[in-house]
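Going line by line, the protein sequences match chains A and B. Taken in order, the first sequence gives residues 0 to 331; the numbers are from numbering that gives the first Met the number 0. Taken in order, the second sequence gives residues 0 to 274; the numbers are from numbering that gives the first Met the number 0. For reference, the structure discussed in these notes is given below.
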Amino acid sequence: MPPWPERLKPSSLQLALFVAFGLAIGLAGVGGTRAGGLFAPIFGGAVGPGAEPGLLLNIVVGLLLALVLLINFRLIRLAPFGAQVAIIWAELALVFYAFVDSFDRDFGIWFEVGRSGQSNLAFLVTTGAVTTLYVSLIAIFVACCFAMMAALARLSSSGPAYAVSTFYTSFFRGTPLLLQVYLIYLGLPTLGPQFAMNAVPSGILALSLCYGAYLAEIFRAGIQGVPSGQHDAAKALGLPKGLTFRKIIFPQAMRLIVPPTGNQFIAMLKDSSLVSVMGVWELTRTAQIVGKRDFKVFEMLIAAAIIYWIMSICFELIQSRIERHYGKGYER
Amino acid sequence: MHKLTITAFAAAFSFVTTPAFSGEVLDRVMSTKTLTMSSDPEYPPQSFLNDANEMDGFDVDVGKEIAKRMGVELKIVTPAWEVITAGGWSGRWDMSVGSMTPTKARAEVLSFPAVYYYTPASFAVHADSSSSSLADLNGKVIGTCGGCTYDAYLNKDLVIDAEGTPPFDYQVTAGEIRTYETDTNAFDDLRLGEGVRLDAVFSALPTIQEAIKNGYPMKTVGNPAFYEPLAVATDKGDAEFDAKIAEIVGAMHADGTLTALSDKWYGADLTSVAK
């Protein structure tokens, strides 16, 4: 590895990228923002929020900002890899914090305690997040069952099974989830009153059917991704078909299935807000309801966004554990 | 709210609800001792979640009173407006006390047994404005919700085909009509200052008053331009239940209960059309 002063030097591509970035934010008028305000002392207060600096000053501020970023990146590159990641995460989180802080909103509302004795944030978690979580968890489980059946039907040699499976995936991938929710909640009862399911089961069914259709394709790709030599080897050993699938094909397919399934689950966590049209108080809806009380909807929605994010991060961690389990055979 | 949440969860998990087709809504309400009402939790002061995390508001109080007079418990569910107005409730809830205008189109899928109050439609201007009568608003820039009854009024094209709608005439000719997704967006523009984007807004009087209470620098001008009747809605099919609702709401009109609730929530008697 070259000595550190040399490792600080940016490549010409990096230099060009940062100059282009500086020019772009300069032309967008970065001088008149809070970021521009950081350089106000240098220019005698001619930049910053509310100021209207000329084009030249804007570009100078933009280039300076890009330079600061470039130096920041080059310095961080000297650290070990893990530290680099941690520092950049912290910096980006700080930028996000500054962005939200610049809205100049009253975030005290999160912790305000009403007559219920519960803060708004606590209510958001105990009512909204809990509902979102159990609806999504049940739905992803049922969706996986639907998906496995659809994938196997599609791979089978039976014409009707293939047809039903392809019709199912085509319909539920091709129509909006919101309309599927309406079809199940409002359409099914017209067949007979015994099909008038309540809001939560209707929502879980709609989410399961819709995501089952997407997952069916993921499962199919995973099963087909297992090399055909594995089938042949199992046959040569005299293993029956069912056992071959369960012990040989499925565990290897799971390695390919888990990452995109985790992806779908995180997407579902947020799509589950659509069940609110039936009156289910999940996270997004609860945030809107609580916010509406004090004309503070935006503040509560930001709280909901952060809760969704934290839930997603937890599931990313769980997913990476499952991935490691099924990837054991490939570790070196 | 806790109790409400728990009952809502319990109801949500009882997989299948009781059917509502046989015209026996009343029997079911009386035998289960529960009257289920649909309500919008984002519509203060008609219905909203109060700081005790319980449903509260004028519509909620009216619903509670109806349940009380039937001698049953009130349960509240919160489906979306489109789901309520689509009809075919399948017994999931028994009535809507949701400030619904009983138009003919809606009357094809829902029943409207009783009108319980009238929303006055009012003009409001910036607090600094010198306008003091409806005549002052002629030729001004007026903001309102697009495609709603207020928009139709300003375009002199308003039809409320509900029974009991009081007659009205067009007293204001706007210079320019600006429409927004909802009326409160127009309030935000009026808030910027007298004449900055808007000279006046046109909306429901209770909504305007609620905004003023929340610090919007506005004031109402003149008398309400027209009145919209608002009714309790039920699913089609149970004449007995409808008759019971009509009887109870009629009694609440007669004994002053509705007037008292209207005073409590709107600071005015909106239960009849002001002369």
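Positions of the beta carbon are idealized from the N, C-alpha and C atoms, including for glycine.
- In this structure Ala205/A touches Val180/A by the C-beta definition: roughly 5 Å separates them, less than 8 Å.
- When Cβ-Cβ separations below 8 Å define contact, Gly87/B makes contact with chain A.
- When DSSP states are grouped into helix, strand and coil, Ala199/B belongs to the strand group.
- Beta-bridge analysis with DSSP links Met253/A to no other residue.
- Unbroken beta strand (DSSP E) runs of no fewer than 3 residues, entirely contained in the region 113-176 of chain A, are not found.
- In the same chain as Leu133/B, and ignoring 5 residues on each side of it, the C-beta atoms closer than 6 Å to its own belong to Gln170, Val171 and Gly221, in chain order.
- Across the set Thr77/B, Pro112/B, Lys67/B and Met99/B, the C-alpha of Pro112/B shows the shortest separation from the C-alpha of Ala242/B.
- Nearest CB-CB separation between Pro175/A and chain B: not below the 8 Å threshold.
- For Glu51/A, the CB contacts under 7 Å within the same chain, skipping 5 residues up- and downstream, are Gly31 in chain order.
- By the Cβ-count criterion, Asn197/A is buried, with 16 or more other Cβ atoms from all chains shown falling within 10 Å of its own Cβ.
- The beta carbon of Ala195/A falls within 8 Å of a beta carbon belonging to chain B, placing the residue at that interface.
- Around Tyr213/A, the same chain offers Arg172 and Gln263 as residues with beta carbons nearer than 7 Å, after the five sequence neighbours per side are excluded.
- Here Cys209/A is buried. Its C-beta has 16 or more other C-beta atoms within 10 Å.
- Under DSSP, Lys63/B forms no beta bridge with any residue.
- Within the same chain, and ignoring the five residues on either side of Ser271/B in sequence, no residue has its Cβ closer than 6 Å to its Cβ.
- With its beta carbon less than 8 Å from one in chain A, Gly90/B belongs to the interface.
- One finds Val82, Ala85 and Gly87 in chain B with Cβ atoms closer than 8 Å to the Cβ of Leu185/A, taken in chain order.
- Residue environment: Phe110/A is assigned as exposed (fewer than 16 neighbouring CB atoms within 10 Å of its CB, all protein chains considered).
- Looking from the CA of Gly28/A, the closest CA among Asn57/A, Met148/A, Asp270/A and Ile247/A belongs to Asn57/A.
- Residue range Met217 to Asp234 is occupied by the beta strand (DSSP E) that includes Asp234/B.
- In its chain, beyond the 5 residues on either side, Leu7 and Pro9 have a beta carbon closer than 7 Å to the beta carbon of Arg73/A.
- Sixteen is the threshold: when 16 or more other Cβ atoms of the shown chains lie within 10 Å of the Cβ of Arg219/A, as they do, the residue is buried.
- Close to Leu73/B, with beta-carbon spacing below 7 Å, lies no residue of chain A; the smallest spacing is near 15 Å.
- The count of Cβ pairs closer than 8 Å, one atom from the region 249-263 of chain A and one from the region 318-329 of chain A, reaches three, so the stretches are in contact.
- When C-alpha distances from Arg323/A are compared across Ala304/A, Pro250/A, Val274/A and Val289/A, the shortest belongs to Pro250/A.
- Counted as a single uninterrupted DSSP element, the stretch harbouring Met277/A is not any beta strand (DSSP E), since DSSP gives it neither H nor E.
- Per DSSP, Cys209/A is one residue of the alpha helix (DSSP H) stretching across Ala198 to Gln223.
- Assigned with DSSP and collapsed to three states, Thr143/B falls in strand.
- Membership of Gly97/B in the beta strand (DSSP E) is indicated by the continuous run Met94 to Met99.
- Close CB contacts of Ala210/B within its chain, under the 6 Å cut and outside five residues either way in sequence, are with Phe186 (chain order).
- Of the candidates Leu151/A, Glu281/A and Leu55/A, the residue whose Cα lies closest to the Cα of Phe244/A is Leu151/A.
- Rounded to whole angstroms, the separation of the alpha carbons of Pro43/B and Asp262/B is 15 Å.
- Ranking Val124/B, Thr118/B and Ala161/B by CA distance to the CA of Ala203/B puts Thr118/B first.
- Contact of Arg114/A with chain B is assigned, a C-beta pair being separated by under 8 Å.
- Of the residues assessed, Ser155/A falls on the exposed side of the cut-off, its CB having fewer than 16 other CB atoms within 10 angstroms.
- Nearest to Ser319/A by C-alpha distance, out of Trp280/A, Ser207/A and Thr260/A, is Thr260/A.
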